[in-house]
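Note that our numbering numbers the sequence shown so that position 591 is 600, with each residue one more than the last.
In this text, a Cβ means the ideal position worked out from N, Cα and C, and glycines have one as well.
All of these numbers come straight from a predicted model, not from anything done at the bench.
Structure, as structure tokens:
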Amino acid sequence: MGETEATLPNMSLQGKKMAYQKVNADQRAPGHSQYLDNDDLQATALDLEWDMEKELEESGFDQFQLDSAENQNLGHSETIDLDLDSIQPATSPKGRFQRLQEESDYITHYTRSAPKSNRCNFCHLLKILCIATSLFIFGIFIGYYVHTNCPSDTPSSGTVDPQLYQEILKTIQAEDIKKSFRNLVQLYKSEDDMEISKKIKTQWTSLGLEDVQFVNYSVLLNLPDPSPSTVTLSSSGQCFHPNGQPCSEEARKDSSQDLLYSYAAYSAKGILKAEVIDVSYGMADDLKRIRKIKNVTNQIALLKLGKLPLLYKLSLLEKAGFGGVLLYIDPCDLPKTVNPSHDTFMVSLNPGGDPSTPGYPSVDGSFRQSRSNLTSLLVQPISASLVAKLISSPKARTKNDACSPLELPNNEVRVVSMQVQTVTKLKTVTNVVGYVMGLTSPDRYIIVGSHHHTAHSYNGQEWASSTAIITAFIRALMSKVKRGWRPDRTIVFCSWGGTAFGNIGSYEWGEDFKKVLQKNVVAYISIHSPLRGNSSLHPVASPSLQQLVVEGPSFLSEALFSTRATKIEEMDPSFNLHETITKLSGEVILQIANEPVLPFNAIDIALEVQNNLKGDQPNTHQLLAMASRLRESAELFQSDEMRPANDPKERASNRIRMLNDILQDMEKSFLVKQAPPGFYRNILYHLDEKTSRFSILVEAWEHCKPLASNETLQEALSEVLNSINSAQVYFKAGLDVFRSVLDGKN
Numbered sequence: 010m011g012e013t014e015a016t017l018p019n020m021s022l023q024g025k026k027m028a029y030q031k032v033n034a035d036q037r038a039p040g041h042s043q044y045l046d047n048d049d050l051q052a053t054a055l056d057l058e059w060d061m062e063k064e065l066e067e068s069g070f071d072q073f074q075l076d077s078a079e080n081q082n083l084g085h086s087e088t089i090d091l092d093l094d095s096i097q098p099a100t101s102p103k104g105r106f107q108r109l110q111e112e113s114d115y116i117t118h119y120t121r122s123a124p125k126s127n128r129c130n131f132c133h134l135l136k137i138l139c140i141a142t143s144l145f146i147f148g149i150f151i152g153y154y155v156h157t158n159c160p161s162d163t164p165s166s167g168t169v170d171p172q173l174y175q176e177i178l179k180t181i182q183a184e185d186i187k188k189s190f191r192n193l194v195q196l197y198k199s200e201d202d203m204e205i206s207k208k209i210k211t212q213w214t215s216l217g218l219e220d221v222q223f224v225n226y227s228v229l230l231n232l233p234d235p236s237p238s239t240v241t242l243s244s245s246g247q248c249f250h251p252n253g254q255p256c257s258e259e260a261r262k263d264s265s266q267d268l269l270y271s272y273a274a275y276s277a278k279g280i281l282k283a284e285v286i287d288v289s290y291g292m293a294d295d296l297k298r299i300r301k302i303k304n305v306t307n308q309i310a311l312l313k314l315g316k317l318p319l320l321y322k323l324s325l326l327e328k329a330g331f332g333g334v335l336l337y338i339d340p341c342d343l344p345k346t347v348n349p350s351h352d353t354f355m356v357s358l359n360p361g362g363d364p365s366t367p368g369y370p371s372v373d374g375s376f377r378q379s380r381s382n383l384t385s386l387l388v389q390p391i392s393a394s395l396v397a398k399l400i401s402s403p404k405a406r407t408k409n410d411a412c413s414p415l416e417l418p419n420n421e422v423r424v425v426s427m428q429v430q431t432v433t434k435l436k437t438v439t440n441v442v443g444y445v446m447g448l449t450s451p452d453r454y455i456i457v458g459s460h461h462h463t464a465h466s467y468n469g470q471e472w473a474s475s476t477a478i479i480t481a482f483i484r485a486l487m488s489k490v491k492r493g494w495r496p497d498r499t500i501v502f503c504s505w506g507g508t509a510f511g512n513i514g515s516y517e518w519g520e521d522f523k524k525v526l527q528k529n530v531v532a533y534i535s536i537h538s539p540l541r542g543n544s545s546l547h548p549v550a551s552p553s554l555q556q557l558v559v560e561g562p563s564f565l566s567e568a569l570f571s572t573r574a575t576k577i578e579e580m581d582p583s584f585n586l587h588e589t590i591t592k593l594s595g596e597v598i599l600q601i602a603n604e605p606v607l608p609f610n611a612i613d614i615a616l617e618v619q620n621n622l623k624g625d626q627p628n629t630h631q632l633l634a635m636a637s638r639l640r641e642s643a644e645l646f647q648s649d650e651m652r653p654a655n656d657p658k659e660r661a662s663n664r665i666r667m668l669n670d671i672l673q674d675m676e677k678s679f680l681v682k683q684a685p686p687g688f689y690r691n692i693l694y695h696l697d698e699k700t701s702r703f704s705i706l707v708e709a710w711e712h713c714k715p716l717a718s719n720e721t722l723q724e725a726l727s728e729v730l731n732s733i734n735s736a737q738v739y740f741k742a743g744l745d746v747f748r749s750v751l752d753g754k755n
């Protein structure tokens with residue numbers, strides 16, 4: 010496949026722009042060529058597992074057709090086979106791409122015959138000389154102007170200038186991010202989602218981002234009831250709010266808003282009086298041990314957040330027969346500097362998207378299912394201080410600062426009455442979407458996303474932090490675009506609504522454009538929670554991007570705090586951390602958007618597979634043999650195809666598109682049709698940064714511990730084996746295609 014097979018936007022050039030185009034065309038360096046690319050949504054994606062978050066918009070892909078020349082780089086005309094013969098004004102007599110110089114016989118075509126008089130001949134020659142001199146001087150001024158102001162001095166797409174990225178990123182300043190942040194947080198108390206969305210749209214439009222639009226979906230949200238939930242001790246009759254404060258009217262007035270923040274969206278609602286059973290982290294061993302000594306039917310589980318995904322643990326508790334769950338974060342799982350004793354938090358039990366339209370977009374005419382709750386369990390997040398009161402333990406840490414985990418003594422019985430109240434309503438969720446059109450591969454999209462504050466949002470000021478970072482990068486990028494440069498691939502900037510309720514805005518947008526995204530998206534870059542501390546950097550990426558960043562997720566991020574996450578300026582008063590994160594993220598975005606060959610690595614996937622199979626894991630000999638074959642194919646692919654493609658001296662432009670097509674889809678082999686609740690569908694993603702094993706195998710081994718049968722484990726092993734085999738076949742097929750091209754075969 011070559012450059013001519015790229016899908017290019019329509020362009021219409023007018024006379025004056027054509028004149029400048031010719032000058033620029035001759036000033037370009039020789040040997041310039043364009044490379045057309047292709048790509049994939051970092052594995053997590055595209056069967057729309059927006060695990061890291063993904064999507065595009067309602068009227069959205071009309072935006073990728075361009076009608077005006079103002080949206081194109083006029084200095085790169087040779088990348089497109091334009092029909093310039095139809096352009097009449099300001100064309101040179103010698104043709105389309107000649108300099109604006111006249112032929113030797115050009116004057117005789119357009120001047121009268123010279124009189125025979127010598128004097129007249131002299132006058133005529135003098136006049137020509139004056140005109141020529143004037144034109145020469147005028148030409149010098151034009152040349153100087155073009156050289157200093159036109160985009161011809163910008164590195165052309167396809168030939169990557171090492172200084173290009175730094176030139177863009179150096180304009181990012183901490184002070185600008187701080188101003189943008191403070192401007193946004195002024196709207197924090199607003200209950201109007203549209204007001205904040207309009208502010209973001211106005212900012213992005215003013216910076217020059219193209220076709221910035223609202224994308225709205227009417228979705229089912231589960232909101233806190235005006236009266237907060239309560240937990241009452243049967244032994245004493247004491248009533249407590251989720252933060253541990255007594256159920257007095259005075260306490261409610263002091264912290265009424267925070268009380269509403271402590272709830273589980275899409276939980277069942279009602280009242281349940283039962284015994285509290287400490288299940289620790291809800292692991293298989295914990296449940297096996299407890300079910301041997303107690304009847305758990307319709308009882309209340311005291312559950313710690315962490316170890317495994319919350320949705321998975323709730324599914325185990327539901328199957329076991331529990332009726333309710335009191336969810337908390339053990340202080341021993343947090344840094345010593347953090348004291349969450351009275352902090353309230355919110356969790357969502359929604360795996361993603363509008364619960365009333367599962368698997369399809371919430372657009373006009375869609376059938377809506379009645380799903381006010383997504384579990385039969387009554388789930389209530391509570392503070393560590395309330396847990397301490399339930400188990401009669403005053404402190405979690407001892408005097409010598411050694412942390413003692415919270416746990417209910419086995420020989421003691423606690424009976425409580427929990428009341429969970431929520432309200433379900435149809436609400437409009439707004440996404441803001443804008444883009445920068447790619448020059449040579451406009452049909453390949455890099456999506457950059459974060460969330461924004463909505464009514465009943467629970468992420469404090471994090472939304473303003475992430476939005477300010479994206480806005481700072483847009484400002485730096487558009488300053489270069491205004492001077493004529495464009496990235497090879499299209500960059501789509503998105504600010505999502507409804508994130509706290511299960512990434513609803515991004516999921517709906519992804520479902521809306523599922524087919525387009527599966528085919529055209531290269532990668533998703535999330536700036537979701539850019540600042541959680543001030544000590545170290547913890548980037549997250551899929552295995553194919555391991556050369557850029559890698560780190561695993563933490564399940565404590567499932568808890569959304571109303572107060573503790575709002576102190577952005579205390580963590581980064583100078584906003585230097587924000588500046589650093591913006592530049593690091595920006596460089597990754599630019600590399601993916603502009604490198605001729607996508608910076609995805611086949612061999613890293615093979616190494617990740619082998620690392621996931623290390624250790625004393627049963628029944629993995631077949632997997633190890635298959636992983637070895639995968640590594641061999643990946644190494645051949647890396648050396649035979651990717652190495653020469655990354656060397657400009659060896660690069661063959663007609664093979665770049667094929668190569669990028671393969672790189673785009675190589676992680677899709679590891680997408681399983683259905684993952685356990687709360688797990689990634691991409692089985693290469695780890696459960697946490699400490700566990701380097703296939704997540705579905707970890708779950709299967711956990712599942713098999715309390716059971717006599719190992720059928721679940723065999724199914725999981727088969728899933729992993731098929732994924733590795735699929736990847737190995739995929740790389741081998743890619744090698745065969747390239748070899749047939751070299752041999753001149755069809």
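According to DSSP, residues forming a beta bridge with residue i
i	result
H460	W505
T239	Q428
T439	N225
K434	L230
A684	DSSP lists no partner for A684.
C-beta atoms of residue i and residue j nearer than 9 Å
i	j	result
N231	S381	yes
I607	N669	What sits at residue 607 in the sequence shown is Leu, not Ile. Taking 9 Å as the Cβ cut-off, L607 and N669 qualify as a contacting pair.
T431	Q212	no
L335	L415	no
S648	F609	no
V305	A329	yes
Residues near residue i by beta carbon distance below 8 Å, same chain, minus five either side
i	result
I534	I455, I456, V457, G458, S594, V597, I598, I601
A568	L314, I338, F354, M355, V356, P390
L540	E471, S474, I577, M580, D581, L586, H587, I590
P686	P318, L320, Y321, L323, S324, P360
Cα-Cα separation, residue i to residue j
i	j	result
K303	S732	40 Å
L343	C412	10 Å
R638	S538	39 Å
A574	D294	The predicted model places A574 with a pLDDT of 44, which falls under 50 and marks its position as unreliable, so this point remains unresolved.
F502	Y444	6 Å
E367	N621	For the sequence presented, residue 367 should be read as Pro rather than Glu. When rounded, the distance between both Cα atoms is 32 Å.
Y44	L486	Reliability of the predicted coordinates at Y44 is poor, the pLDDT of 27 falling under 50, and no value is obtained from them.
V194	D185	14 Å
S86	T449	Because the pLDDT of S86 is 33, which lies under 50, any placement of that residue in the model is unreliable, and the question is left without a value.
K436	M667	44 Å
P370	K278	27 Å
E724	N603	41 Å
F584	K207	25 Å
A397	K297	25 Å
Sequence-distant residues of the same chain with beta carbon closer than 6 Å to residue i, five excluded per side
i	result
K345	none
G447	P496, D497, R498, T499
Y275	N231, L358, N359, N382, L383
Sequence-distant residues of the same chain with beta carbon closer than 7 Å to residue i, five excluded per side
i	result
M203	T439
N80	Any answer about N80 is weak, because its pLDDT of 34 lies below 50 and its placement is not dependable; what the coordinates show is given next. Closer than 7 Å at the Cβ level, and outside the excluded window around N80, lie E219, M446.
F646	A611, F740, G743, L744
L417	V285, D287, L311, I400, R423
A643	A611, I612, I614, A615, F740
Boundaries (first-last residue) of the beta strand (DSSP E) holding residue i
i	result
M675	Looking at the DSSP string, M675 is not in any beta strand (DSSP E), and its letter there is neither H nor E.
E604	No beta strand (DSSP E) contains E604, which DSSP labels as neither H nor E.
K207	Element bounds for K207: not the beta strand (DSSP E) but the alpha helix (DSSP H), 202-215.
I513	Not the beta strand (DSSP E): I513 falls in the alpha helix (DSSP H), residues 513-521.
Proximity test, residue i beta-carbon vs the ligand GDP heavy atom, cut-off 8 Å
i	result
D185	Looking for the ligand GDP in the displayed structure turns up nothing, as the structure carries no ligands at all.
Extent of the continuous alpha helix (DSSP H) run through residue i
i	result
F482	471-490
A785	Residue 785 lies beyond the range of the chain shown here (10 to 755); nothing can be said about it.
M635	630-646
S245	From DSSP, S245 is part of no alpha helix (DSSP H); its letter is neither H nor E.
K297	293-302
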